[in-house]
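What follows is a single structure, written as C-alpha cells, with notes after it.
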Amino acid sequence: MKRIKAIAAELNISADTIRYYEKIGALPAIPRDKNGIRYFDQQTIQWIIFVKNLKDAGVALSAIAEYVELAEDGDNTIPDRKNILINQRAKTVAKIKSLQKTLDVIDKKIENYDLISRDLR
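When the letters of the sequence shown are read in order and numbered with the numbering used here, they come out as residues 2 to 122.
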C-alpha cells in the first residue's frame with residue numbers, strides 16, 4: 002500500500018488534486034487506516050489513472066463524479082456507464098480530428114516558410 006505523496010509523484014498529479022477529486026466524488030472513497038491516513042491499493046490507483054485520463058480528455062469533473070456514482074451503485078449501472086464512455090469517445094474522436102486539421106494547417110505553414118527560406122538563399 003502506498004501513501005498519497007508517493008502516488009501523486011508516481012502519477013504526476015498533486016496530492017491536493019487527489020483529495021479534491023475524492024471530496025467532490027470524482028473518485029470513489031479512498032481507503033484509510035485506523036489513523037485516517039489514506040492508503041492506495043491497486044484498485045484505487047487504477048481509478049486515479051482512469052479519472053486523470055478522463056480529465057485530460059476534457060471530461061467535466063461533474064460528469065466524472067456521475068460516472069463514479071454509477072460505478073458505486075453496482076453492475077446494474079453498466080449500460081449507463083458504457084453510454085457515458087461511448088459519448089465521451091465520440092467527443093474525443095471529434096477533438097482528435099479537429100486537432101489533426103489544426104496540425105495540418107501548421108505543417109503547411111512550416112512547409113511554406115521552408116520554401117520561402119530556400120528561395121531567399
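All residues carry an ideal CB built from backbone N, CA and C; glycine is no exception. Source: prediction; values computed, not measured.
Worksheet item: Quick one: is residue 45 buried, meaning 16 or more other Cβ sit within 10 Å of its Cβ, or exposed?
Response: So residue 45 ends up on the buried side.
Practice prompt. Would you kindly check if the distance between the Cβ of residue 41 and the Cβ of residue 8 is under 8 Å?
Written response: Remark: C-beta atoms of residue 8 and residue 41 approach each other more closely than 8 Å.
Fill in: DSSP bridge partner residues for residue 33 (one or two, in chain order)
DSSP, once it has assigned bridges, lists 39 as partnering residue 33.
Worksheet item: Of all the options 24, 58, 118 and 72, which has the alpha carbon lying nearest to the alpha carbon of residue 94?
Response: Considering only alpha carbons, the answer is 58.
Fill in: Distance, residue 50 Cα to residue 37 Cα
Looking at the backbone, the Cα of residue 37 and that of residue 50 are separated by about 23 Å.
Item to complete: Label residue 27 either buried or exposed according to how many other C-beta atoms from any shown protein chain fall within 10 Å of its C-beta, with 16 as the threshold for buried.
Response: When all chains shown are included, residue 27 counts as buried.
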